[in-house]
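Residue numbering for the sequence shown follows UniProt numbering, starting at 1 and increasing by one per position. By construction, the Cβ of each residue, glycine as well, lies at the ideal position given by its N, Cα and C atoms. All figures in this text were calculated on a predicted structure; none of them were measured in a lab. Some notes on the structure that comes next.
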Amino acid sequence: MEKQGKCSTSSQRRNRKRKPQEPSIPKYDSDSIFAILVAALSNLKKQPESLKPIVNKCLDELRLSLSLSLINPNPILSLLPTLLRSKYAGIASRGAEIVGAVSLLSLEMNQEIASDGETVKGLVSALASTKKRVSMAACNAVLDLGTTCFGREQLLHFCALEALM
């Protein structure tokens, strides 16, 4: 008699630990995402471990929405200096990626970002970050912002060239 081994069938399932689900955020609802992001950023110092994933998810949704031109980027501009100066690499790098994405939307948006001194200062300070992810994202955003003459002038005014060297 042969011993019958256990055959693995597709109907048998393994018990796997599931990751805790992150809070679901409505896709492309920029008002909701913006409100959640503002609330999470205002309490980030109190509860960083529970709020960082929410902030990161909101920023990912915003970046995707911006690249697909599905939302108005104007409300987001007010948060860029805070995002760029974050001590958390994931948040700062996503902020720089959003600066780059918005800079490439139109000449008007590029000029609006370049005319905001706090955003440009935050971007220049992110260039000097010790975190490679942040400095690379900031460098890419500087390249995107520098696609217009006004953007280049503002970057020079805030010493971006020196920071790059």
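Contact check, Val134 vs Ala126, beta carbons under 7 Å: As a first step, residue 134 must be located in the sequence shown, where it is residue number 134. As a first step, residue 126 must be located in the sequence shown, where it is residue number 126. A contact, by the Cβ cut-off of 7 Å.
Nearest neighbour of Leu145, chosen from Pro53, Ala96, Asn56 and Gly90 [CA to CA]: Walking along the sequence shown from the start, residue 145 turns up at place 145. Ranking Pro53, Ala96, Asn56 and Gly90 by Cα distance to Leu145 puts Ala96 first.
Collapsed DSSP secondary structure at Thr119 in the structure displayed: Stepping through the sequence shown from its first residue, residue 119 is reached at position 119. Note: Thr119 maps to helix in three-state DSSP.
Ala35 classed as buried or exposed, judged by whether at least 16 other C-beta atoms fall within 10 angstroms: As a position in the sequence shown, residue 35 is number 35, starting the count at 1. By the neighbour-count rule (16 or more Cβ atoms within 10 Å), Ala35 is not buried but exposed.
Start and end residues, alpha helix (DSSP H) containing Lys45: Residue numbering aside, residue 45 sits at position 45 when the sequence shown is read from its first letter. Boundaries for Lys45: no alpha helix (DSSP H) harbours it, and the DSSP string shows neither H nor E there.
Distance, Leu70 Cα to Lys131 Cα: Start at 1 with the first residue of the sequence shown, and residue 131 comes out as number 131. Start at 1 with the first residue of the sequence shown, and residue 70 comes out as number 70. Distance between the alpha carbons of Lys131 and Leu70: 31 Å.
Residue nearest to Ser93 in terms of C-alpha spacing, selected from Asn72, Leu59 and Ser67: Position 93 of the sequence shown, counting from 1, holds the residue named residue 93. The candidate whose alpha carbon is nearest that of Ser93 is Leu59.
Nonlocal neighbours in the same chain, by C-beta distance under 6 Å from Ser86, ignoring five residues either side: The residue labelled residue 86 in the question sits at position 86 within the sequence shown. Closer than 6 Å at Cβ, skipping near neighbours: Ala92.
Local Cβ density within 10 Å of Ser67, reported as buried at 16 or more and exposed below that: Position 67 of the sequence shown, counting from 1, holds the residue named residue 67. Exposed: under 16 other Cβ atoms inside 10 Å.
Ile33 versus Ser106 - alpha carbon distance: The sequence position of residue 33 within the sequence shown is 33, counting from 1. The sequence position of residue 106 within the sequence shown is 106, counting from 1. C-alpha separation (whole angstroms): 22 Å.
Nearest-angstrom beta carbon gap, Gln111 and Ala150 [assumed within contact, 8 Å]: Position 150 of the sequence shown holds residue 150. Position 111 of the sequence shown holds residue 111. In the sequence under discussion, the amino acid at residue 150 is Phe, which differs from the Ala named in the question. Right, their Cβ atoms sit about 5 Å apart.
7 Å CB neighbourhood of Thr82 in its chain, flanking five on each side removed: Taking the sequence shown and counting its residues from 1, the one referred to as residue 82 is at position 82. Leu41.
Burial state of Glu118 (16 or more Cβ within 10 Å): On the sequence shown, residue 118 is found 118 positions in, with the first residue counted as 1. Per the 10 Å Cβ criterion, exposed.
Extent of the continuous alpha helix (DSSP H) to which Ile91 belongs: One-based indexing of the sequence shown puts residue 91 at position 91. From DSSP, the alpha helix (DSSP H) with Ile91 extends over Ala89 to Ser103.
Span of the alpha helix (DSSP H), counted from its first residue to its last, around Ile76: On the sequence shown, residue 76 is found 76 positions in, with the first residue counted as 1. That run of the alpha helix (DSSP H) goes Asn74 to Leu77.
Beta-carbon proximity list for Thr147, same chain, < 8 Å, skipping 5 on both sides: As a working note, residue 147 is residue 147 in the sequence shown. Correct list, in chain order: Ser103, Leu104 and Asn110.
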